[in-house]
Each structure stands twice: as structure tokens, then as C-alpha cells.
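>
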Amino acid sequence: MGTILVNDQFLDRENGSVDIEDRGYQFGDGVYEVVRVYGGNMFTAKEHLERLFESAEKIHLTLPFTYDELVARLEKLMEVNQLDTGIIYLQVTRGSSARQHHFPEQTKAVLTAYTKEVARPVADMTAGVKAIITDDVRWLRCDIKSLNLLGNLLAKQEAVSKGGFEAVLHRDGTVTEGSSSNVFIISGDTLYTHPATNLILNGITRREILKLCKEIGLSVAEQAFTLEALANADEVFMASTTAEVMPLVQLDETPVGNGKPGEWTQKLQAAFEEAVQKQCGSLAQTI
Ligand SMILES: Cc1ncc(COP(=O)(O)O)c(C=O)c1O
Numbered sequence: 000m001g002t003i004l005v006n007d008q009f010l011d012r013e014n015g016s017v018d019i020e021d022r023g024y025q026f027g028d029g030v031y032e033v034v035r036v037y038g039g040n041m042f043t044a045k046e047h048l049e050r051l052f053e054s055a056e057k058i059h060l061t062l063p064f065t066y067d068e069l070v071a072r073l074e075k076l077m078e079v080n081q082l083d084t085g086i087i088y089l090q091v092t093r094g095s096s097a098r099q100h101h102f103p104e105q106t107k108a109v110l111t112a113y114t115k116e117v118a119r120p121v122a123d124m125t126a127g128v129k130a131i132i133t134d135d136v137r138w139l140r141c142d143i144k145s146l147n148l149l150g151n152l153l154a155k156q157e158a159v160s161k162g163g164f165e166a167v168l169h170r171d172g173t174v175t176e177g178s179s180s181n182v183f184i185i186s187g188d189t190l191y192t193h194p195a196t197n198l199i200l201n202g203i204t205r206r207e208i209l210k211l212c213k214e215i216g217l218s219v220a221e222q223a224f225t226l227e228a229l230a231n232a233d234e235v236f237m238a239s240t241t242a243e244v245m246p247l248v249q250l251d252e253t254p255v256g257n258g259k260p261g262e263w264t265q266k267l268q269a270a271f272e273e274a275v276q277k278q279c280g281s282l283a284q285t286i
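Numbering (numbering that gives the first Met the number 0), first residue to last: 0 to 286.
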């Protein structure tokens, strides 16, 4: 949408540019967030923005703004772009300097952000989608929401080339997460998901779901599970800011259960919608 944010400046998109020696551009040296907006209000903004500060700290990047300044800028960006249902993408890079691997002493971090209309993926959430299973070849700091996403991109590309929506990643037979989502299985009355270690991104949607499980009476085990457990699960779903609670109804060429979204998954979708409505007061389309 028309206006973008560059540090504390609001510019027309055509007037934004990237320095050729920006370390984000050359090395992926930076961190980012994607925040969902429903009815013009940010959902779980605090959790996302706090995670941005945490990711930055983990890569020794000092953010050149306070939390409150960031919120104010993002609120204004949404307002000038008249965003209703969509996302805010924001990233911070370590800034520009002559190319060198170690951190330069004199750079100023660069914040950029834009908004985009993104509809809720209602049809896919209703029918469920296919995922493929592939090796998790990423580094060992997946807890950082870093701009370096090549491992994720390769997995997502493999999924899309095979007609899938997502790639479920595993390390030596232990499921970690999706290429851009967290992955959950339900067996009996228990939900399993990988614990929030260095091997996954602790998704904000994941955290919300774990809270909602309590409300709907589904037990939670933050325990890593195997590919075998995945194959035998009653229900499987993925979750992310843009995809919300997305049923996985086919894994490679095998249907999950009867090939339809499971009952617990549907209850979680309904509880998630309620949580959004409570916080944002609006939901563009319901399932
Ligand atoms: C690798 C990975 N895991 C998990 C998630 C889900 O995180 P969130 O719920 O905060 O969007 C994402 C989101 O982009 C991701 O890229």
C-alpha cells in the first residue's frame, strides 16, 4: 500500500530505496516481524514487538527506537494506508557499511515497514491443505526471527512444487516445525508440539493456541514427536500469523485421518476467532 516507513519517515513507496551495502541486503543481517491486522487493529502486537526486541538482542543489534516509538509509528502507518484486514511487515537491519563480515562499529540500524491487505485464508482453513515432509537443513538458532530464510525458502519451494501448501520439517525423524509455521498433532485428547527451544521459532500463534487449549479442555504436551507419531496422529495442523490455525489433511500422498479437518482443530479455529474478536473487535470473514 502507498506509504512505507523508513526509520521515522513516512514515504511514498516509489521514494523508498535500499543501499547496496545495507547488511540486510548483503548478509541477511537483521530481524523481522509480521503482525496480523484485523479490522484496523493489530492482533497480539505486544508479543510480536517484544519478540522483535528479543531477536535483535540475540544478534547483538541495538534497535534505534523504543517500544512505544515503534508502536506509534506502526499505528500511524496502518492509519495512513487505511489498512483493514492484512499484515504489517517490519524489519530492522544492522545498516550500511563497507562490506565486512564482522559487525562494523559505526552503523545505524535501519527500520523499514509496510502494510499489505491480506485476506484470511478462509477456504483453505475450511477444507484443509496438503503438506509435504522434508529434512530440516536450517541452522541451530531457529529461535531468532532472522532475515536469513534460505533453508525455509528451499523447503517451501519443494512443497509448492509438489502441490503442497507447507513443508513439515524434521531433524533425523523428529518433527521441528513448518517452513513458515509451527506444527501440531493431536492424538486422543492431547496436543503435541515441539518445545520452544533453539530448533523452532516460538510462534505467537503457537503461544495463543497453547492458551486456547486450556479453554477448550485439550491437554498440551510441549514434547517433540517423531515422523511415526505424525503419521499416526488423529489430527494435524499448522499455525502462523497469516495462516492462523490451518488443518493439514494430507501429508505427502497420504490423507490424515479421513482427509478432513478434525474436531479439535475446528474447536481451536473457533476459539482463535473468538480471541481475535475479543482483542480486535472485528473479523473480516468467519469460517
Ligand atoms: C519458521 C517459522 N516458524 C513459526 C512461525 C509462526 O510464527 P507466528 O505465529 O509468530 O507467525 C513462522 C512465521 O512466519 C515461521 O517463519
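A virtual CB, placed ideally from N, CA and C, is assigned to each residue, including glycine.
Here the structure is a predicted model, which is why all the values come from computation and not from measurement.
Classify Pro260: buried if its beta carbon has 16 or more other beta carbons within 10 angstroms, exposed otherwise.
It counts as buried.
> Touching or not, the region 251-260 and the region 137-150, by the rule of three or more beta carbon pairs under 8 Å?
Counting Cβ pairs under 8 Å, fewer than three are found: no touch.
> Alpha carbon to alpha carbon, what distance is there between Gly1 and Lys129?
When rounded, the distance between both Cα atoms is 34 Å.
> Tell me, please, which residues DSSP counts as bridged to Pro246.
In DSSP, Pro246 forms a bridge with Phe236.
> Looking at Lys45 and Gly85, is the spacing between their C-beta atoms short of 8 Å?
No.
> Which first and last residues belong to the alpha helix (DSSP H) in which Asp123 is found?
Here the alpha helix (DSSP H) through Asp123 covers Val121 to Ala126.
> Under a Cβ-count criterion, where at least 16 other Cβ atoms within 10 Å of its own Cβ denotes burial, should Pro246 be classed as buried or exposed?
Per the 10 Å Cβ criterion, buried.
> Run the proximity test for Leu200: is its beta-carbon closer than 7 Å to any non-hydrogen atom belonging to ligand 1?
For ligand 1, at least one heavy atom lies less than 7 Å from the Cβ of Leu200.
> How far does the beta strand (DSSP E) with Ser218 in it reach, from first residue to last?
Unbroken beta strand (DSSP E) run through Ser218: Ser218 to Ala220.
> Let me check you understand the geometry: is the CB of Gly177 closer than 7 Å to at least one non-hydrogen atom of ligand 1?
Indeed, a heavy atom of ligand 1 lies less than 7 Å from the Cβ.
> So the alpha helix (DSSP H) Phe26 belongs to, where does it begin and stop?
Here the alpha helix (DSSP H) through Phe26 covers Arg22 to Phe26.
> Would you identify the three-state DSSP class for Gln90, choosing helix, strand or coil?
It is a strand residue.
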